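A.B. asks: Below: one structure in structure tokens.
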Amino acid sequence: MKVFAAAAALAIVLAGCFPTLYPLFTEQDLVFEKDLLGCWTIEESMWTFEHKSDKTYLLTIVEKEDGQTFKGDFAAHLVKLDGKLFLDITPADLNKINTPDISKICLYPMHLFMKVDEISPELKISLMEPEWLEEYLKENPEKLPFVPKDKNRPLPLITASTSQLQTLVKENADNVEAWTKPAAMTRCGDKPDKASK
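In mature numbering (1 follows the signal peptide of the UniProt record, and there is no 0), the protein residues as written are -22 to -1, 1 to 175.
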């Protein structure tokens, strides 16, 4: 299996996640965990969770790559399905993007989701394995509707409903082939435990 090499900011996160049109959650699926709050880091990436409102987090992702720093703000929700935790993130405020208003009309806040394998003492996150998910989409288009990738869109856009997305993750939450190896993030300032790698 491929390793999700961390909490990459925008470009790298998107490279490993298939965007979905609808969220993974309904309001009744949301939970709030204080242990998630604060700063987490791995390699050149840093994720900071703040309490935004009720069961919503503000997630700021900072990624350093090739001498440049990239930053993105997301609305993050912790989702509990059949006793397992997942994280759904979506751009926090598209209105803050520096682009003409006419361009903003074409923007839509897509969702990305990942499995939360552990919150403390490390934050361990897994993505759906891209190759596994692509094969699943081909074999089960009626279960998980999607728009195929093309030259302008490197990944399929999953248009499945929230209910269909939840069925997917519930049925495959324990399927090791369906998820990448967890990326273990440590608290900012903590030294990573070599034994956990």
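By construction, the Cβ of each residue, glycine as well, lies at the ideal position given by its N, Cα and C atoms. Since this is a predicted model, take the numbers as computed values, not measurements.
What whole-angstrom Cβ distance do residue 125 and residue 119 have, given they're in contact under 8 angstroms?
C.D. replies: Here residue 125 refers to the residue found at position 147 when the sequence shown is read from its first residue. Here residue 119 refers to the residue found at position 141 when the sequence shown is read from its first residue. Their Cβ separation, rounded to whole angstroms, is 11 angstroms, which puts residue 125 and residue 119 out of contact at 8 angstroms.
A.B. asks: Among residues of its own chain, excluding the 5 on either side of residue 142, which ones have a beta-carbon nearer than 8 angstroms to its beta-carbon?
C.D. replies: Residue 142 sits at position 164 when you count from the first residue of the sequence shown. If we look at residue 142 and ignore the five residues flanking it on each side, its Cβ neighbours are 121, 122 and 123.
A.B. asks: Can you tell which of 150, 69, 153 and 107 has the C-alpha that lies nearest to the C-alpha of residue 1?
C.D. replies: Reading the sequence shown from its first residue, position 23 is the one you call residue 1. With distances taken between Cα atoms, residue 1 lies closest to 69.
A.B. asks: List the whole-angstrom C-beta distance separating residue 101 from residue 163, where the pair is believed to meet the contact cut-off of C-beta under 8 angstroms.
C.D. replies: On the sequence shown, residue 101 is found 123 positions in, with the first residue counted as 1. On the sequence shown, residue 163 is found 185 positions in, with the first residue counted as 1. With 8 angstroms as the limit, residue 101 and residue 163 qualify as a contact, their Cβ atoms being about 4 angstroms apart.
A.B. asks: Which two residues bound the contiguous alpha helix (DSSP H) that contains residue 109?
C.D. replies: Walking along the sequence shown from the start, residue 109 turns up at place 131. 108 to 117 is the extent of the alpha helix (DSSP H) around residue 109.
A.B. asks: So which of 48, 38, 157 and 47 has the shortest CA-CA distance to residue 109?
C.D. replies: Taking the first residue of the sequence shown as 1, we reach residue 109 at position 131. Residue 109 has its Cα closest to that of 157, out of 48, 38, 157 and 47.
A.B. asks: What are the boundary residues of the beta strand (DSSP E) that includes residue 40?
C.D. replies: Position 62 of the sequence shown, counted from the first residue, corresponds to residue 40. 34 to 43 is the span of the beta strand (DSSP E), which, as asked, contains residue 40.
A.B. asks: For residue 22, which of helix, strand or coil comes out of DSSP?
C.D. replies: Indexing the sequence shown from 1 puts residue 22 at position 44. Looking at residue 22 - three-state DSSP - the assignment turns out to be coil, as it is neither helix nor strand.
A.B. asks: For residue 95, name the three-state secondary structure that DSSP assigns.
C.D. replies: As a working note, residue 95 is residue 117 in the sequence shown. Here residue 95 sits in strand by DSSP.
A.B. asks: Going by other Cβ atoms of all chains shown within 10 Å of its Cβ, with 16 needed for buried, is residue 155 buried or exposed?
C.D. replies: As a first step, residue 155 must be located in the sequence shown, where it is residue number 177. Exposed: under 16 other Cβ atoms inside 10 Å.
A.B. asks: Taking the straight line between their C-alpha atoms, what separation do you get for residue -4 and residue 54?
C.D. replies: As a working note, residue -4 is residue 19 in the sequence shown. As a working note, residue 54 is residue 76 in the sequence shown. Each residue's alpha carbon lies about 14 angstroms from the other.
A.B. asks: Are there three or more Cβ pairs, one per stretch, closer than 8 angstroms when the segment 88 to 101 is compared with the segment 37 to 46?
C.D. replies: Contact fails: fewer than three Cβ-Cβ distances are below 8 angstroms.
A.B. asks: If we call anything under 8 angstroms between Cβ atoms a contact, is residue 179 one with residue 89?
C.D. replies: Residue 179 cannot be examined here, being either before or after the span of the chain that is shown, -22 to 175.
A.B. asks: For residue -18, name the three-state secondary structure that DSSP assigns.
C.D. replies: Here residue -18 is taken as the residue at index 5 of the sequence shown, counted from 1. Bear in mind that the predicted position of residue -18 carries a pLDDT of just 33, short of 50, making it too unreliable to give a figure here.
A.B. asks: Just mark residue -6 as buried or exposed, buried being the case when its beta carbon has 16 or more other beta carbons within 10 Å.
C.D. replies: Counting from 1 along the sequence shown, the entry for residue -6 is found at position 17. Buried.
A.B. asks: By the DSSP assignment, the alpha helix (DSSP H) with residue 144 in it spans what residues?
C.D. replies: As a first step, residue 144 must be located in the sequence shown, where it is residue number 166. Residues 140 to 150.
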